[in-house]
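Position one of the sequence shown corresponds to residue 102 (the numbering used here), numbered consecutively onward. Have a look at the structure below, then the notes.
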Amino acid sequence: MYSFVKEGEFMQITLEEKGKVTGFISRYGDSENNKGTFLDQFIKSGSSDGKQLRFITESIHGVIYSFEGTFERGPGKAPQDEGYYILHGTLTREVTSPGSQNTVQKREVEFRSFPRDADTPQ
Numbered sequence: 102m103y104s105f106v107k108e109g110e111f112m113q114i115t116l117e118e119k120g121k122v123t124g125f126i127s128r129y130g131d132s133e134n135n136k137g138t139f140l141d142q143f144i145k146s147g148s149s150d151g152k153q154l155r156f157i158t159e160s161i162h163g164v165i166y167s168f169e170g171t172f173e174r175g176p177g178k179a180p181q182d183e184g185y186y187i188l189h190g191t192l193t194r195e196v197t198s199p200g201s202q203n204t205v206q207k208r209e210v211e212f213r214s215f216p217r218d219a220d221t222p223q
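In structure tokens, the structure reads:
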């Protein structure tokens, strides 16, 4: 589990066999129709080699997220600390409006891991 863009938002990244990535982003809607509504946006496809991570989400209300970056060690001293791992990279937000106009926003991001329970396997 990692933080996402706004306070209270998060994403779950699951590393499957053969480098497959699954998971979802839980975020607040920001369009007229869903402003403030909590939305779960699932990862459509993704891959990881253990260090590099890339994924793209399903579209919800015309919004698609993609991420390309790396897993890094953060300032946390133990897995039970916030920020033990950091996802650092480029987040792209693509919005398709009803008039079929696309808006693409890219930005550098850093997402911190949530604290793990002490008895959670590594």
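We put the CB at the ideal spot given by N, CA and C, even for glycine. Quick caveat: nothing in here was measured; it's all calculated off a predicted structure.
In terms of residues, what are the limits of the beta strand (DSSP E) holding residue i?
{"i": "Gln206", "result": "203–213"}
{"i": "Ser167", "result": "164–174"}
Where does residue i land, buried or exposed, given buried means 16+ other C-beta within 10 angstroms?
{"i": "Phe143", "result": "exposed"}
{"i": "Phe105", "result": "buried"}
{"i": "Phe168", "result": "buried"}
{"i": "Arg128", "result": "buried"}
{"i": "Gly120", "result": "exposed"}
{"i": "Phe139", "result": "exposed"}
{"i": "Thr204", "result": "exposed"}
{"i": "Thr158", "result": "buried"}
{"i": "Thr221", "result": "Note that Thr221 scores a pLDDT of 47, beneath 50, so its modelled location is shaky; the value from the coordinates is reported in the next line. It is exposed - the Cβ of Thr221 has fewer than 16 other Cβ atoms within 10 Å."}
{"i": "Gly147", "result": "buried"}
{"i": "Thr115", "result": "exposed"}
{"i": "Gly170", "result": "buried"}
{"i": "Gln223", "result": "Residue placement at Gln223 is flagged as unreliable, the pLDDT there being 47, under the threshold of 50; a coordinate-derived value is accordingly withheld."}
Name the one or two DSSP bridge partners that residue i has.
{"i": "Ser198", "result": "The partner list for Ser198 (beta bridge, DSSP) is empty, contrary to what the question assumes."}
{"i": "Met112", "result": "Tyr103, Ile126"}
{"i": "Glu190", "result": "Note that residue 190 is Gly in the sequence shown here, rather than Glu. In DSSP, Gly190 forms a bridge with Gly170, Val210."}
{"i": "Arg155", "result": "Ser148, Glu169"}
Less than 8 Å between CB atoms is the rule here; does residue i satisfy it with respect to chain C?
{"i": "Arg155", "result": "This model lacks chain C altogether, as it is built from one protein chain only."}
Exercise for review: Quick one: which unbroken beta strand (DSSP E) runs of 3-plus residues sit fully inside the stretch 114–153? Chain order, please.
Suggested key: Within the stretch 114–153, the complete beta strand (DSSP E) segments at least 3 residues long are 122–129, 139–149, listed from N- to C-terminus.
Practice item. Kindly confirm or deny that the stretch 171–190 and the stretch 203–214 touch, where touching means at least three C-beta pairs closer than 8 Å. Key: The way I'd put it, the stretch 171–190 does touch the stretch 203–214; three or more beta-carbon pairs between them come closer than 8 Å.
**Study point:** the stretch 158–165 contacting the stretch 184–192, beta-carbon criterion three pairs below 8 Å
**Key:** No, they do not touch.
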